[in-house]
Amino acid sequence: DGGITQSPKYLFRKEGQNVTLSCEQNLNHDAMYWYRQDPGQGLRLIYYSQIVNDFQKGDIAEGYSVSREKKESFPLTVTSAQKNPTAFYLCASSNMAGTQSLNEQFFGPGTRLTVL
Amino acid sequence: ILNVEQSPQSLHVQEGDSTNFTCSFPSSNFYALHWYRWETAKSPEALFVMTLNGDEKKKGRISATLNTKEGYSYLYIKGSQPEDSATYLCAPYTGGFKTIFGAGTRLFVKA
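Written out as structure tokens, the structure reads:
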């Protein structure tokens, strides 16, 4: 089955620690995304990557870092510089070949990060 | 940043009720409007994508309409069932790699 996996589902970290969230897709999509969700707000874009070895900051990139060494993988590191890291994090991918997809997003199940 | 508003924020209905909610967005630089359904403990999934003014899409008891001139879309659910309980997200697409999501309408259907 094609899809997106994220791990872990729940993550707890102590203040001041960096933590890395995993995202893997086997949909052969070029583009991948990280979103953050807070209560009462829409999904906010943290980072996105159009292609391997390339990524761009989204609207709320401060305190986060990413890498895209393989097409299938787009890990997100939440650094100690992120002031309010407790949130729900969603990874997504899209097939941007041509314009027909209109950037339809395929989502993983999410990781809930809690900073203690 | 594109301002996308969804209303109501949440909605409680009885099984069998029909319901609708709204997504409003700036009408400039518009390419498409996506609706996603996000059930608890699952991943958001695409429901519809609409591009043209006056578009209507239907999937079973759920349908959606689009007005690009005034910048809104309606999602309708006819005869709501408990399995329709979910958060419904709208997401206008204005080109490139960025899609902006509304905060969603959370629907609770009571049996």
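Chains as they are written, first to last, in this note's numbering: chain A, 1 to 116; chain B, 1001 to 1111. Every residue, glycine too, gets a C-beta built ideally from N, C-alpha and C.
Against chain A, a Cβ distance below 7 Å from residue 1054/B picks out nothing, because the smallest value is about 17 Å. In the three-state reduction of the DSSP assignment, residue 1044/B falls in the coil class. For residue 104/A, the closest Cβ of chain B is nearer than 8 Å.
Secondary structure note for residue 1093/B: its beta strand (DSSP E) is the uninterrupted segment 1086-1093. In this structure, residue 1006/B sits away from residue 1096/B, with a CB-CB distance that is not shorter than 8 Å. Flagged as an interface residue toward chain B: residue 31/A, by a C-beta distance shorter than 8 Å.
DSSP, read as helix, strand or coil, puts residue 1083/B in helix. Between the alpha carbons of residue 81/A and residue 113/A lies a gap of roughly 15 Å. Residue 112/A sits in a strand when the DSSP states are folded into three classes. By the Cβ-count criterion, residue 51/A is exposed, with fewer than 16 other Cβ atoms from all chains shown falling within 10 Å of its own Cβ.
Contact check for residue 1013/B against residue 1022/B fails: the beta carbons are separated by 8 Å or more.
The beta-carbon of residue 109/A is placed less than 8 Å from the nearest beta-carbon of chain B.
In the DSSP annotation of this structure, the continuous segment of the beta strand (DSSP E) that includes residue 32/A starts and ends at 31-37. Note on geometry: alpha-carbon atoms of residue 1034/B and residue 47/A lie some 20 Å from one another. Per DSSP, reduced to three states, the secondary structure at residue 1101/B is coil, with no helix or strand assignment. Of all alpha-carbon atoms in 45/A, 25/A, 30/A, 83/A, the one lying nearest the alpha-carbon of residue 36/A is that of 45/A. Under the Cβ distance rule, residue 2/A does not count among the residues neighbouring chain B, no pair being separated by less than 8 Å.
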